[in-house]
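For what it's worth, the UniProt record's numbering labels the leading residue of the sequence shown as 1, then goes sequentially. For reference, the structure discussed in these notes is given below.
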Amino acid sequence: MQNTKLMLASLSFAGLVALAGCSFPGVYKVDIQQGNVVTQDMIDQLRPGMTRQQVRFIMGNPLITDTFHANRWDYLYSIQPGGSPRQQERVSLVFNANDQLAGLAGDFMPGVSRDEQILGRDAQAPDAAPAAQPSQPEERPAPGSLLEQIQREVDEAEPVPVPIPEPLETE
1 MQNTKLMLAS LSFAGLVALA GCSFPGVYKV DIQQGNVVTQ DMIDQLRPGM TRQQVRFIMG
61 NPLITDTFHA NRWDYLYSIQ PGGSPRQQER VSLVFNANDQ LAGLAGDFMP GVSRDEQILG
121 RDAQAPDAAP AAQPSQPEER PAPGSLLEQI QREVDEAEPV PVPIPEPLET E
């Protein structure tokens, strides 16, 4: 009788510990991807006047074909990396009455690479005219703030040359 109570208590305790292990931080969580993967290269291949078949060859089947808007295809892609907030990208393609590509809207734009956009450069062809950029006011820290003081110190910093050691003689 005493052994069964002890064994039942130890099994219950082991079960509780095993269940508690499911909620420990650092447990691997699977990345969840849904929708159509759309790349900048795919968007750059699209041209106005392409037929639906040509667009389908480049982009694949649309995720959403709206019955109320038969001339619009929507491509959605979302990813939720292991427990992080979900990120979503969207591209909508619009066709005219002749079933030819008339325009697109969404998170991707033709000719603008995400990498170049992050680095703050425009990936323009040498013969292409620069696109008109909307003027955005430069964000400056509030006068007298700690951030403004740090920015002033960074702006006034002088570069210091790093000494280069002499090469070692190997004889």
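Using N, Cα and C, we set each Cβ at its ideal position, and we do this for glycine too.
Is Asn96 close to chain C, meaning its C-beta is less than 8 Å from at least one C-beta of that chain? Chain labels in this structure do not include chain C; a single protein chain is all it has.
Would you say Tyr77 touches the ligand ADP, meaning its beta carbon is less than 7 Å from a heavy atom? The model depicted lacks the ligand ADP and carries no ligand whatsoever.
Supposed close pair Met95, Asn61 - CB separation, criterion 8 Å: Sequence inspection shows Phe at residue 95; the Met mentioned does not correspond to that position. Not quite, the Cβ-Cβ distance comes to about 15 Å (not below 8 Å), so this is no contact.
Helix, strand or coil at Asp74 according to DSSP, with G and I counted as helix: strand
State buried or exposed for Pro130, treating a residue as buried only when at least 16 other CB atoms are found within 10 Å of its CB. Reliability fails at Pro130, whose pLDDT of 48 lies under 50, so the model's placement of it is uncertain and the value that follows must be treated cautiously. By the neighbour-count rule (16 or more Cβ atoms within 10 Å), Pro130 is not buried but exposed.
Quick check: the Cα distance between Ser145 and Asp66, rounded to an integer number of angstroms? 52 Å
Measure the alpha-carbon distance for Asp155 versus Ile164 and round it to whole angstroms. 26 Å
Indicate whether Val55 and Phe108 have their beta-carbon atoms separated by less than 8 Å. no
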